[in-house]
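**Student:**
Residue numbers (mature numbering (1 follows the signal peptide of the UniProt record, and there is no 0)): -29 to -1, 1 to 249.
Structure, rendered in structure tokens:
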């Protein structure tokens, strides 16, 4: 089985994100001034950012243990425990600067080449009824399973960006499907089993089908719904590619017929001019 870094494993991500959100929530609930609450949140964000590439089970275990101890401390401080509040206040002046600084803002997204306006896209203007000069028939090619019409070289940046974005989306959706199927669905099944076991310990009978329909979906149902959403995206993407391929092949055939007709007209005109000159 191929090794996957912990940050790409569903169960690890769920645990880490849950702990991260709980810590940030309790930082906001502490009875400190706004500036000190923001300082606590910066410490949490920077601590998680510094440890997101960890792969050692020992170091990951230490990091989670430290996070849960910090969460217990914040819970007590939020509840008004004087010892916990004093302990946190004593940590503020000793916190290193690389943990207390505010996170850097994300750089603005780079703007790629603008797509052609509506009515000027390649599939909308082809086949061209008339051209100035000799007609150049586009070639139908497939770039990583995506159909395209190549008119000239070098390839336009807009087309390259479109193919790259579609490949990234396809890869992302495929990885999400694998992660849900291999990691998140088994974890959700364990969560559902845990809920049933807890209900059994409390003496609560399992819910009927009607009660399940009225109440919120189970963990497994939520993961299956996510898989269904991604599967529909993939189906729509394949259908769009298939429809575009049919449209492009039709354009190529029409352009070939027009090019042949124009070539014959040029030959007739050339023959007529030759006969008139003689």
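Glycine is no exception: its CB is placed at the ideal position from the N, C-alpha and C atoms.
1. Pick from 41, 163, -26, 231: whose alpha carbon is nearest that of residue -9?
2. Where DSSP assigns a beta bridge to residue 112, which residues make up the other side?
3. Quick check on residue 219: buried or exposed, where buried means 16 or more other Cβ atoms within 10 Å of its Cβ?
4. By DSSP, does residue 190 sit in helix, in strand, or in coil?
5. Just verifying my parser: in three-state terms, what is the DSSP assignment at residue 12?
6. Looking only at its own chain, which residues have a Cβ that is under 6 Å from the Cβ of residue -21, when we skip the five neighbours before and after it?
7. So what's residue 126 in DSSP terms, helix, strand or just coil?
8. I'd like the list of long-range same chain contacts for residue 305, defined as Cβ closer than 8 Å, with 5 residues on each side in sequence excluded.
9. Which stretch, first to last residue, makes up the alpha helix (DSSP H) that contains residue -18?
10. Taking all protein chains shown into account, decide if residue 174 is buried (16 or more other Cβ within 10 angstroms of its Cβ) or exposed.
11. Output the boundary residues of the alpha helix (DSSP H) element that contains residue 104.
12. For residue 44, is the classification buried or exposed, using 16 other Cβ atoms within 10 angstroms of its Cβ as the cut-off for buried?
13. Assuming the contact rule is C-beta atoms closer than 8 Å, residue 96 and residue 226 should be a hit. Round their C-beta distance to whole Å, please.
14. Thinking C-beta only, is residue 59 closer than 7 Å to residue 14?
15. Please report the residue range of the alpha helix (DSSP H) in which residue 155 lies.
16. Quick one: which unbroken alpha helix (DSSP H) runs of 4-plus residues sit fully inside the segment 6 to 52? Chain order, please.
17. Using a 10 Å radius around the Cβ and a threshold of 16 neighbouring Cβ atoms, would you call residue 34 buried or exposed?
18. With residue 16 and residue 74 assumed to form a contact (beta carbons below 8 Å), what rounded beta-carbon distance in angstroms separates them?
19. Could you spell out the range, first to last residue, of the alpha helix (DSSP H) harbouring residue 321?
20. Below 7 Å CB to CB, which residues in the same chain sit around residue 233 once its five sequence neighbours on both sides are set aside?
21. What do you get for residue 206, buried or exposed, if any count of 16 or more other CB atoms within 10 angstroms of its CB means buried?
**Tutor:** On the basis of the supplied data:
1. 41
2. 119
3. buried
4. helix
5. helix
6. 154
7. coil
8. The question about residue 305 has no answer here: the residues shown for the chain are numbered -29 through 249.
9. -20 to -1
10. exposed
11. Here residue 104 belongs to no alpha helix (DSSP H), and DSSP marks it neither H nor E.
12. buried
13. Going by Cβ atoms, the distance from residue 96 to residue 226 rounds to 12 Å, so no, they are not a contact pair.
14. no
15. Run containing residue 155: none; DSSP gives neither H nor E here.
16. 28 to 49
17. buried
18. 5 Å
19. In the structure displayed, the chain extends from -29 to 249; residue 321 sits before or after that span and is not available.
20. 106
21. exposed
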